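Notes follow once the structure below has been shown.
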Amino acid sequence: MKKVKIHIKLQEGVLDIEGKTIESSLNHNLGFNQISDVRKGKLIEMNVNETDPEKINQTVKEICNRMLVNQVIEDYEIL
């Protein structure tokens with residue numbers, strides 16, 4: 000069994016409203032004026048009951064492409 004982590008984030012050029020809200024709160028409400036260009040993403044962890052690294056990678060890519068990632072606006076990285 001292998002634990003897999005998938006980092007999903009909005010593609011460059013796609014407005015990240017949540018990231019902008021976090022950045023604004025950090026700058027204006029909490030005084031962290033040195034913070035900029037905040038982007039928010041998702042981290043998904045799962046166990047894959049497989050030992051072959053190539054099969055694991057294929058399975059996780061298929062899961063991402065079919066269900067977890069909106070490929071029009073998101074990118075992902077398997078960690």
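Using numbering that gives the first Met the number 0, read the sequence shown as starting at 0 and increasing by one per residue. Even for Gly, the Cβ is constructed at its ideal location relative to N, Cα and C. Computed from a predicted structure; not experimentally measured.
The DSSP assignment places complete beta strand (DSSP E) segments of no fewer than 3 residues inside the segment 28-71 at 40-47, in order along the chain.
For E22, the uninterrupted alpha helix (DSSP H) run begins and ends at 16-23, by DSSP. Taking the CA atoms as reference points, L42 sits about 5 Å from H6.
The C-beta distance from E49 to K4 rounds to 15 Å, too long to meet the 8 Å contact threshold. Exposed is the label assigned to K2, since fewer than 16 other Cβ atoms lie within 10 Å of its Cβ. G40 places its beta carbon less than 9 Å from that of K8. As the crow flies, the alpha-carbon of G12 is around 15 Å from that of Y75.
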